[in-house]
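Asks:
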Amino acid sequence: RTEIQKTLFGDTAYDAEWLHEYCFEKGVQTQIKPSKNVRRGFYRRKQMRNYSPGEYHQRSLIERGFGSLKRKYGGSVSGKSIASVKAEIYCKAIAPNLRLVQ
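Taking the numbering used here, the leading residue of the sequence shown gets 88, the next gets one more, and so forth.
(1) Throw me the rounded Cβ distance for the R146 and F111 pair, which I believe falls under 8 Å.
(2) How should T94 be labelled, buried or exposed, when 16 other C-beta atoms within 10 angstroms of its C-beta is the threshold for buried?
(3) Closest by CA to G141, which one among V125, K120, R131 and S155?
(4) How about R127 and E90: do their beta carbons lie closer than 9 Å?
(5) Express the C-alpha separation of Q118 and R131 in angstroms, rounding to a whole number.
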């Protein structure tokens, strides 16, 4: 089952007019931290109306979680097939929860 992503979070490097336009056409709201001194762009202004610093902060919380997983369990996978890569990623993701159960 595929779910359509409704919001795109990104840092200042992703604040490009073409990306705002693409997301607008696909019905995706952007939560991209605006670049300093950049106010131009029809689609950027349209998308920035709904920009929320509080929602954008969720991005840093997610990145912190992924960063801690990578520090503890490594940032690469050794699987050769897509099935073994998926299994390894799932195991690395649930391992911290298993430690809490003990």
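Just so you know, even glycine gets a beta-carbon here, dropped at the ideal spot from N, CA and C.
Replies: The relevant details are as follows:
(1) Taking the first residue of the sequence shown as position 1, residue 146 is located at position 59. Taking the first residue of the sequence shown as position 1, residue 111 is located at position 24. The Cβ separation is near 19 Å, so there is no contact.
(2) For the purposes of this step, residue 94 is identified with residue 7 of the sequence shown, where counting begins at 1. By the neighbour-count rule (16 or more Cβ atoms within 10 Å), T94 is not buried but exposed.
(3) In the sequence shown, counting from the first residue as 1, residue 141 sits at position 54. Per the Cα distances, K120.
(4) Start at 1 with the first residue of the sequence shown, and residue 127 comes out as number 40. Start at 1 with the first residue of the sequence shown, and residue 90 comes out as number 3. Going by C-beta atoms, R127 is not nearer than 9 Å to E90.
(5) Reading the sequence shown from its first residue, position 44 is the one you call residue 131. Reading the sequence shown from its first residue, position 31 is the one you call residue 118. Using only the alpha carbons, I get a separation of about 11 Å.
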